[in-house]
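K.L.:
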Amino acid sequence: MRRAVDRIVLRIWLPFTLVLLVCIVSIGVYYPRKQGELYREATNTRLREMASAVALSVELSLEHDEFGGVQRAVELASSTEDFAYVALVQRESSGAERLFAVQPTDVKEAVVFDRANEGLVVESHPVTALDFMGYVQVAVSMERINAEVAAINAPVYQGLVGITLVSLVLFLVVARGVSRPVVAMVRGAEHLQQGDYEVEFNTRGAASEVADLGAALTSLRDALSIARDRQRAFNEELEQKIDARTRDLARTQGVLLEAQRVAAIGTFEFDPANGRLEASPMFFQVLGLSPMVSIDLSQLTPIFGERVLAEVRELLGAVALTGHRMHRDLPFDHPGEGAERRWLSLTAGPASAREQASGMILGTVQDITIRRRTQEEVERLSMVARRTSNCVVITDHERRMTWVNDALLRLSGYELHEVIGRTPVMFQFWGTDPAARERIRLGLERRGEVNEVVWNRGKHGNTYWLQLNIVPLFNEHGAHTGFMAVETDITERVHGALDLERSRNMFRVLVENLQGATYHMRLRKEPQMLFMSSQVEQILGVPVADFMERRADRYTCMLKEDEVRVRARMQELISANGSFDIEYRVQAAGEIRWIREVGQVYPEGDDLMLTATIADITSEYLSEMAIRHGSELITSLAGATTALLNAPTVLEGVAEGLPLFGRSLDVDRLCVFRIAYGIGDEVDGCGPVLTWSRDANGTETIEEVPLAVSPVHAFGPLLDAILAGRSYQALTEEVTHRQLAAFMSSQGVRQVLAVPIMTTKGPWGFLCLDHLHQTGVWEEGNRRTIDTYVSALSSSIEREQVAQDREAALVERDQRMGELEAMTRFPDGDPNPVMRIGDNGVLLYANRASEQVLGALGMELGARVPEQLHHRLVTKDENDTSPMLIDAGDRKFEMLCIAVKDFGFYNIYGTDVSAMHRLREMQEDAMHQERMSVLGRLTASIAHEINNPLGAVLGASRNLSTALTDWVFKEMPELIRDDLGLMVLLAQQRMHPPANAELRAATKRVRERLVLLGAGPEWMPAASTIAEMGWGASPGEPWEALLSHASGLRLLNTSNTMFVVRESLRTIDFATERAAKVVGALRTYIHQDEDRRSKPFDLSEQLRSVSTLFKASGRRGLLIDLDIPDGVVVHGVEDDLAQVWTNILSNAVQAIGDAGRIMVRIRSGKDRLLVEISNNGPMIPPEVQERMYDALYTTKKKGEGTGIGLNLVKRILDGHGGGIRCVSTEQLTTFTIELPLLGHDTTGPHA
Amino acid sequence: MHEAPPAVLVVDDDVLVANTLRLQLRRVLPPGWEVITALSGPEALEHAQEHVAQGGRIPLALVDYQMYPMKGSDLLLVLVERYPGLRTIMLTGQADMEAVNMVINKVHLYRYMQKPWDPHDLERTVLDAISEAEQASGQG
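Below, the structure written as C-alpha cells:
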C-alpha cells in the first residue's frame, strides 16, 4: 500500500513538479532577457523623443534669439530624467563641432565628441534654426539601464523562487500527507506481526476520540472485508481453473482409453518385385477397403493420393534397399467415413533375415488418427500447462519429475535440468504443515487425488504457498504411469489470510484497549452476538458471557424511554444499511449513565452484520450539558440584557428578557418586586410589578401588574436581607417567619431566591425566582448569571431614574422659568414703591405705587435722580440694609436700596411707613412702660438697699429713745453726781463696735480680769458690756475703778447706754447717707427732667453711675468689673443710652445668678466706639439669639418680662447709627455695642 | 468655770444692721443672755459651733435673707438641722415671697419680718420665741 502511494507520488507529483521546475527555469531564463530588450527599446525611444523635444525647444528658442531659452531647454531636459548628459552641439560651416550647451556642466567635450562615451547609449537629433546648425545629444548610461532592468526583473525572480519553493514544499507535503497514515498503518501491522503489541492507542477521554476509534474500526473492518472478498474471489477463480483443468485431463484420459479399445493393426507383405501387397483383413479395415488377398500398391492411390503413395513407395524402397525397419505416419482419406482426414502409421521392415534375400518386406499399418488427435490435444494442453501461471508437474510413477512447466521454474527459480528426475519434495519448505505432508503421502500411495496447501521454498530461499492438486496418471492399459500435479501459487491468498488474521488480532487488541466496548453481531438470521469486548461489563454492568449466551442484550439495562427510540433506529438500519451514532441512557449500578454507540450495519453474504462501539460518555455528556446549559444561560443573559437596553422602558425590557431568563434557569416563576418608599424614605412595603411564570405544561404567561404594596412585616427576613443589599434564599418549609411562610405557601412556592436590585439611591426592589414544583441548589454559575442580570437591571433602572429625574428637573426648570416670568410682573402689582436706578443714576423703572415718591423727590423715569439721593444710594455700605426715610407729603416711606452690582443697577424698595410711624408712637408708650418695668425691677432691689439702712435707722432711733427716756434721763441724774467723768470716759473708748470675734475674745479676757480682780459673780455678764464698749483686760484700765465703786454696775450700764446713744447716732448717720446715695442714683436713672436731645456727654461717667446703681442695688456677691477710661465722650441721647446699659446689665445680673461676674469695658475702634458688657452666665441658646431683638419676645415668665428690653436697645442704637451684636459661648456671653465715635446725625424715631 | 450663757444668733451681711440688732436685743434679752453677731453664713455657723462647744445653747437665730455667698434660707436649713429646737426668724428687705414661702415650708420659720422692722414688733417676737424655746427644752 505504501508502495502504491509512493508510486502515485512518484508518478504524478514528481513529474508534475519537475515539469513545473522546468517551466520556472525557462521563464527565469527567457523573461528577464525579453524584459531587458523591451526596456532598452523603450529607453531608446524615450531618448529619441527627448532629443527631438529638446531639439524643438532649442530651435524655437534660437528662432526667437533666446539663448537663455536654449540653456533652459537643456537644463529642463537634464532635470526631467537621470540622463548621463544632455548636450547641444553646434556644427560650424567648417565642419568643426563645438559644445554649445551641456548639462550637467561638468561633462567634458571629450565625452561628447571623442567616443569616450563607451557605456553610454546616445541619441542625437539635428537642430536647424536660422544660422544655427547642430544637434542635440542625449545620453543614458548603460549601467543605469542594466540596474533598472535588474530592478524590474528582481520581483520576477523572487516570484519564481517562491513558486519553486512552494511547489517543492507542496510536493513534500503531499507525498508525506498521503503516505504517512498508510505508513503508520503498515508500521502498526508490522509491529503486530512482530508480536509487538505495545501499540499505544490514545483512547482516553472524549467522545470524539471514541468516534474516531469507531471510524478507525470501521475502516479496519472495511480492510478486513476487502481482504476477505479478495480471498474469496481468488479461491473461486482458482477452483474454477482447477476444475477446468481436471476436467480437461480426464477427457484426455478417456480419449486415450477409447483409442486403446479400438486400436487395430493391419499387417501386409509387400513384394517389391511386383509391387503388390498381400495384406490382412485388418489392413483393409484400417484403410476402409473391402478385404482382399492382395492389392497393387497403385490401387491405394485414391486413398493416399499421389504424393503420399510416392512417399510410401519411397519408404518401401528404402527398406528394401537398406534392410532397416522404418516408420512413417501418413495421412490418408478414409473412403467410408466422410471426408475426415485420418492418419495411418506405417511401419515396414525386411521380412526376415532368411527372407531378406527374397526382398520381401513386411509391414504393419495402424489407424492412428485418434492417437494423433490425442497427441495434438496433449501438445496443445502441454502448451497450456507450460504457459499457465499455475505450476504443472508431471512425474513418473516413482514420483520423479519428468516434466515441469515454466511457471514452476519461474516460481522456484530452478532450471529445468535441475529438477528433472528429482521428486517434488525438493520444493517443500519445512514450514509446511506436517499433517498435510502426511496426507499427501498417503494420497499418493493410494493413487488417489490429493488437494492440499503446501508452503514451498524456492532455490533462492523465497517461500511461496501452493494449492496442490495431484492427479494420478494411468496409461491406456490402466497402468499407473505417474502423477500430474497442478499447483496454484496462493502465496498472495495465504498472505491475505494472514493479513486477515493479523487484522483480526489488531482488531482485538484495539478493541480490548478501547475505553468503550466493541461488539460484533449478526443481525438478521438468528441474531447472535459474535464478539463483545470485556469492557462492556464496566459500562453496562452486564458480563460479556451474558451477551454471548443470549442472556442479555443491549436493551436489558436501557431506559425504557430510550429503548423505543433505539429499537426504531435499529429497525431502520436493518432495512437500510448504514452507519449509526446513537446515544441513549442505561441504568447501571443504580445510576443513570449516558452511552454512545457508534457503528455500522453491513451485509455479509445474505446476512446483516453489526459492528459497533459502546462508550460511556456520562462525564462528557454531563460536562457538555453543563457547557450547553452555560452557553444557553449566557445566550439568554445576553438576550435579556439586550432587551433591557433596547426596550423603551425598563419594565418592558424586563418583560422581554424574563422569559428567556426563566427558561434557561429552569425556574417556574420570576417576579420583579418593587419597594415602595413612604415619607422620609421609610420603606412602606413592597409588591410585584412584573411576573413571568410557566406552568407544568410549559405554558408561559407574563403579566405586568400595578404595584400593590404589601406591608414590610409580611416579608420579614426576605425584605430585611434585600434592604441590607443581600440575597435571600430559602425553602418554604424552612422559613420560620410566620407571615412570609404563609405568603410563600399561598403562592405555591417551594423554594425562593430573591436578589436585590440596588441603585445608588438604595434598594429599588428585588428579583424573585420561585420554584413551584421542584427544589434544588442554585449553582454558582446560575447565581452569577442572575447577579449579572440583576446588576444590568439595576443599572437600567438607575438610568431610567436618572432620565426621569432629569425630565422632572426640566419640568421643574420650566415651572421655575414660568414663575420667574410671573415674578417679573410682581412689582407692577406691588402697592409699595419699587424702583430701579442704573449705575449712571438714571431711573430705569418705577412701578405705579412709586408715583408719590417720585413726585416728592423730584424724580422722573428716564432722568437722572437728584445728585444727593444718588450719592447716598451709591456710597452706601453694601451690608447696610437700613432703610432711608423719605417724607412724601402726608406719607412717609422707608426706602431700602439693594445694589445688584452684577447687573449694574440698584433696586429700591419702598415701604409705606406712615402707619408704622403711628405704630411707633404707640411703641413709644410701650417703651415708656418698659422703662417703668425695668425701673420697677430696679426699685425692688433698691428697696432692699434702702430698707436695710432704714431698718438700721429705725432700730437706732428706737435705741436712742429708749436710752434717752429709760436710762439716761432716769439714771443719769443719780449717777452723774458721782462719776460722770468716768462714765463719759468709758463710753468714749471706741468709735466703732469691734468685730464679733474680737468682741468675744475681748469679753473673755475681761471676764478673766474680773475674776483676777476678785469681782463677784454679778460682774460676770458685765464682761461683754465692757468688751463691747471697746475696753480690754490690760491692767489699770479705767473700768477697773468700777469694781471698787459701790454702784459700779450701774455706772457701767449707764456708760454703756451712753455708748449705745453714740453708736445709734452714728448708725443713723451712716444709714441715712447710704439711703440718700441710693435715692440719688435712682434720681439719676429716672431722671425726671428728660433731655431727649442728642448732645455730647461723658459715657464713662454714665457707665460708672449705672454700674454703681446695680452694685448698690444688687447682692453683696455681685461683682462688676469696670475697665473704663475717663472722659470718653459720645454724641447721643443720654437717657436713651442709659436705658441701653441698664437693660443689658439687668439681663446680665439675672443671667449670672448667685455666682458670677460682669465686665464692662470700653474699646475704641477705627471710627467706632465699642462697649463690651460680658458675663459668665449660661450661654444664650442660638434660637434665642436669633429672636432676642424681636419685639415682644421674652424668655421670662409671664408678667416678669415685657419682651421690649432688647428690642428697645436695638432701636435706640439704630437711631444712634450704632449697633449691637452678641457672642455667647458656654464660658462667656458678650454684648458688643457699637457707637459712632463722632456722633451721628440721628434721623431715628426720636428725631 | 461657769458654762457659757444662752445666746441669740444674729446674722446680717450689713454691719449696720447687725450692730443695731445687737444693741437692741441686748437691751431686751434677760440678764446673762448674749447676742452673737455674724456677717455671713459660714461665720455664723463657726460662732454657733464655738458657743455650743463651750456649753452654751442657742435657742433663737435671726437671719437676713439676702446674703452672699450663703443665702439666709440655706443657712437656716443647716442651722435647723444641726440644732434641733432652734427657733428661727428671717428678715428680708425684698418682697420675694416665693423664696420666703419655700423657707417657711422647709425650715418651719418661727417668724418672717420685713425690713425695715418695727422695733417693738421685733422685741416682742424675739422674747416670745425665746420663752417658747426655753419652755420646749425645759429650761424655764
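Just so you know, the sequences run in chain order A and B. With the numbering used here applied, the first sequence corresponds to residues 4 to 1250, in that order. With the numbering used here applied, the second sequence corresponds to residues 513 to 652, in that order. A virtual CB, placed ideally from N, CA and C, is assigned to each residue, including glycine. Computed from a prediction, not measured in an experiment: that's the story for all the values here.
Please report the straight-line C-alpha distance between E564 of chain A and L526 of chain A, rounded to a whole angstrom.
P.N.:
Position 561 of the first sequence, counting from 1, holds the residue named residue 564 of chain A. Position 523 of the first sequence, counting from 1, holds the residue named residue 526 of chain A. E564 of chain A and L526 of chain A: Cα-Cα distance of roughly 23 angstroms.
K.L.:
Output the distance between the C-alpha atoms of T791 of chain A and W695 of chain A, rounded to the nearest integer angstrom.
P.N.:
Sequence index remark: in the first sequence, residue 791 of chain A carries index 788 (1-based). Sequence index remark: in the first sequence, residue 695 of chain A carries index 692 (1-based). Near 19 angstroms, if we compare the C-alpha coordinates of W695 of chain A and T791 of chain A.
K.L.:
Counting contacts by CB-CB distance shorter than 8 angstroms, is I548 of chain B in contact with chain A?
P.N.:
Reading the second sequence from its first residue, position 36 is the one you call residue 548 of chain B. By this cut-off, I548 of chain B is an interface position.
K.L.:
Just the chain B side, please: which residues come within less than 8 angstroms of E1066 of chain A by C-beta, in chain order?
P.N.:
Locating residue 1066 of chain A in the first sequence gives position 1063, where the first residue counts as 1. Near E1066 of chain A (Cβ distances below 8 angstroms), the residues of chain B are N531, L535.
K.L.:
Would you kindly report the start and end of the unbroken alpha helix (DSSP H) that includes C26 of chain A?
P.N.:
Counting from 1 along the first sequence, the entry for residue 26 of chain A is found at position 23. Its alpha helix (DSSP H) spans residues 17-66.
K.L.:
Using the C-alpha atoms, what's the distance from N1150 of chain A back to K1114 of chain A?
P.N.:
What you label residue 1114 of chain A is simply residue 1111 of the first sequence in a count that begins at 1. What you label residue 1150 of chain A is simply residue 1147 of the first sequence in a count that begins at 1. Straight-line Cα distance between these residues: approximately 14 angstroms.
K.L.:
Give the DSSP-derived three-state secondary structure of A209 of chain A in the structure shown.
P.N.:
Translated into positions along the first sequence, residue 209 of chain A becomes position 206. Because the pLDDT at A209 of chain A is just 45, under 50, the model does not fix this residue reliably, and the value given afterwards should be weighed accordingly. A209 of chain A falls in the coil class under three-state DSSP.
K.L.:
Please report how far the alpha carbon of T645 of chain A lies from the alpha carbon of D684 of chain A, in whole angstroms.
P.N.:
As a working note, residue 645 of chain A is residue 642 in the first sequence. As a working note, residue 684 of chain A is residue 681 in the first sequence. Taking the straight line joining both Cα atoms gives about 32 angstroms.
K.L.:
Going along the chain, which unbroken runs of the beta strand (DSSP E) with 3 or more residues stay wholly within the stretch 648-698 of chain A?
P.N.:
As far as the stretch 648-698 of chain A is concerned, its whole beta strand (DSSP E) runs of at least 3 residues are 672-680, 686-697.
K.L.:
Find the residues of chain B that neighbour R961 of chain A, judging by a C-beta separation of less than 7 angstroms, and give them in chain order.
P.N.:
As a working mapping, residue 961 of chain A is identified with position 958 in the first sequence. The answer, in chain order, is Q536, P631.
K.L.:
If you count every other CB in all the chains shown that lies within 10 Å of the CB of A1036 of chain A, and 16 or more means buried, which is it?
P.N.:
Residue mapping note: residue 1036 of chain A aligns to position 1033 of the first sequence, counting from 1. Per the 10 Å Cβ criterion, buried.
K.L.:
Quick one: which chain B residues come within Cβ less than 7 angstroms of P1041 of chain A?
P.N.:
Within the first sequence, residue 1041 of chain A is the residue found at index 1038, counting from 1. Going along chain B, no residue has its Cβ under 7 angstroms from P1041 of chain A, so there is no contact; the nearest lies around 21 angstroms.
K.L.:
Please determine if the stretch 646-653 of chain A and the stretch 560-580 of chain A are in contact, where contact requires at least 3 C-beta pairs separated by less than 8 angstroms.
P.N.:
Segments in contact, no.
K.L.:
Could you check whether the Cβ of L957 of chain A sits closer than 8 angstroms to any Cβ belonging to chain C?
P.N.:
Judged by its chain identifiers, the structure shown contains no chain C, and its protein chains are A and B.
K.L.:
What would DSSP say about D808 of chain A, mapped onto helix, strand or coil?
P.N.:
For the purposes of this step, residue 808 of chain A is identified with residue 805 of the first sequence, where counting begins at 1. In this structure, D808 of chain A counts as helix in the three-state DSSP scheme.
K.L.:
Are the CB atoms of R402 of chain A and L349 of chain A within a distance shorter than 8 angstroms?
P.N.:
By one-based count along the first sequence, residue 349 of chain A stands at place 346. By one-based count along the first sequence, residue 402 of chain A stands at place 399. No.
K.L.:
Would Y33 of chain A be called buried (16 or more neighbouring beta carbons within 10 Å of its own) or exposed?
P.N.:
One-based indexing of the first sequence puts residue 33 of chain A at position 30. So Y33 of chain A counts as exposed.
K.L.:
Quick check: the Cα distance between A560 of chain B and R1096 of chain A, rounded to an integer number of angstroms?
P.N.:
As a position in the second sequence, residue 560 of chain B is number 48, starting the count at 1. As a position in the first sequence, residue 1096 of chain A is number 1093, starting the count at 1. Each residue's Cα considered, the two are about 58 angstroms apart.
K.L.:
Which whole-angstrom value is the C-beta distance of Q626 of chain B and T600 of chain B, which I expect to be below 8 angstroms?
P.N.:
Mapped onto the second sequence, residue 626 of chain B falls at position 114. Mapped onto the second sequence, residue 600 of chain B falls at position 88. About 16 angstroms; that fails the 8 angstroms criterion.
K.L.:
For the beta strand (DSSP E) that contains W1022 of chain A, what are its first and last residues?
P.N.:
Here residue 1022 of chain A refers to the residue found at position 1019 when the first sequence is read from its first residue. Neither: W1022 of chain A is in no beta strand (DSSP E) and is coded neither H nor E.
K.L.:
Would you kindly report the start and end of the unbroken beta strand (DSSP E) that includes W767 of chain A?
P.N.:
Locating residue 767 of chain A in the first sequence gives position 764, counting from the first residue. Start and end: 765-774.
K.L.:
Use the C-beta contact count for D525 of chain B: other C-beta atoms within 10 angstroms, 16 or more gives buried, fewer gives exposed.
P.N.:
Along the second sequence, one-based indexing puts residue 525 of chain B at 13. The residue in question, D525 of chain B, is buried, as its Cβ has 16 or more Cβ neighbours within 10 Å.
K.L.:
Comparing alpha-carbon positions, which option in A:M820, A:G642, A:V1132 lies nearest Q1105 of chain A?
P.N.:
Working through the first sequence from its first residue, we reach residue 1105 of chain A at position 1102. Closest option to Q1105 of chain A, Cα to Cα, is A:V1132.
K.L.:
Taking only beta-carbon atoms, is V1063 of chain A less than 8 angstroms away from chain B?
P.N.:
Sequence index remark: in the first sequence, residue 1063 of chain A carries index 1060 (1-based). Yes, because at least one Cβ of chain B sits closer than 8 angstroms to the Cβ of V1063 of chain A.
K.L.:
CB A351 of chain A to CB V311 of chain A, shorter than 8 angstroms?
P.N.:
The sequence position of residue 351 of chain A within the first sequence is 348, counting from 1. The sequence position of residue 311 of chain A within the first sequence is 308, counting from 1. Not a contact, by the Cβ cut-off of 8 angstroms.
K.L.:
Could you check whether the Cβ of N835 of chain A sits closer than 7 angstroms to any heavy atom belonging to the ligand FMN?
P.N.:
With respect to small molecules bound, the structure shown includes none, and the ligand FMN cannot be examined in it.
K.L.:
Chain B partners of L1148 of chain A, CB-CB under 8 angstroms?
P.N.:
For this step, residue 1148 of chain A is matched to residue 1145 along the first sequence. Within chain B, no residue comes near L1148 of chain A; the closest Cβ sits about 18 angstroms away, beyond 8 angstroms.
K.L.:
Determine the closest residue to C394 of chain A out of A:R383, A:V407, A:E382, A:H400, with distance taken between C-alpha atoms.
P.N.:
Here residue 394 of chain A refers to the residue found at position 391 of the first sequence. The option with the nearest alpha carbon to C394 of chain A is A:V407.
K.L.:
Judging by CA-CA distance, which residue of B:P518, B:N531, B:L574, B:L528 is the nearest neighbour of A565 of chain B?
P.N.:
To locate residue 565 of chain B, count along the second sequence from 1; it is residue 53. Out of B:P518, B:N531, B:L574, B:L528, B:P518 has the C-alpha closest to the C-alpha of A565 of chain B.
K.L.:
Which two residues bound the contiguous beta strand (DSSP E) that contains M612 of chain A?
P.N.:
Position 609 of the first sequence holds residue 612 of chain A. First-last of the beta strand (DSSP E) with M612 of chain A: 610-619.
K.L.:
Tell me the DSSP secondary structure of N1178 of chain A in three-state form.
P.N.:
Walking along the first sequence from the start, residue 1178 of chain A turns up at place 1175. Note: N1178 of chain A maps to strand in three-state DSSP.
K.L.:
What's the call for C674 of chain A, buried or exposed, on a 16-neighbour Cβ count within 10 Å?
P.N.:
In the first sequence, the residue the question calls residue 674 of chain A occupies position 671. Under this definition C674 of chain A is a buried residue.
K.L.:
N950 of chain A versus chain B: which residues are under 7 angstroms apart at the beta carbon?
P.N.:
As a first step, residue 950 of chain A must be located in the first sequence, where it is residue number 947. What N950 of chain A touches in chain B: G605, K627, P628.
K.L.:
Tell me the rounded alpha-carbon separation between R729 of chain A and M747 of chain A.
P.N.:
Residue mapping note: residue 729 of chain A aligns to position 726 of the first sequence, counting from 1. Residue mapping note: residue 747 of chain A aligns to position 744 of the first sequence, counting from 1. R729 of chain A and M747 of chain A: Cα-Cα distance of roughly 19 angstroms.
K.L.:
Which two residues bound the contiguous alpha helix (DSSP H) that contains M747 of chain A?
P.N.:
The residue labelled residue 747 of chain A in the question sits at position 744 within the first sequence. Element bounds for M747 of chain A: 741-749.
K.L.:
Among the residues of its own chain, which have a CB less than 6 angstroms from the CB of F1100 of chain A, if the five just before and after it don't count?
P.N.:
For this step, residue 1100 of chain A is matched to residue 1097 along the first sequence. Within the same chain, F1100 of chain A has close Cβ partners E1137.
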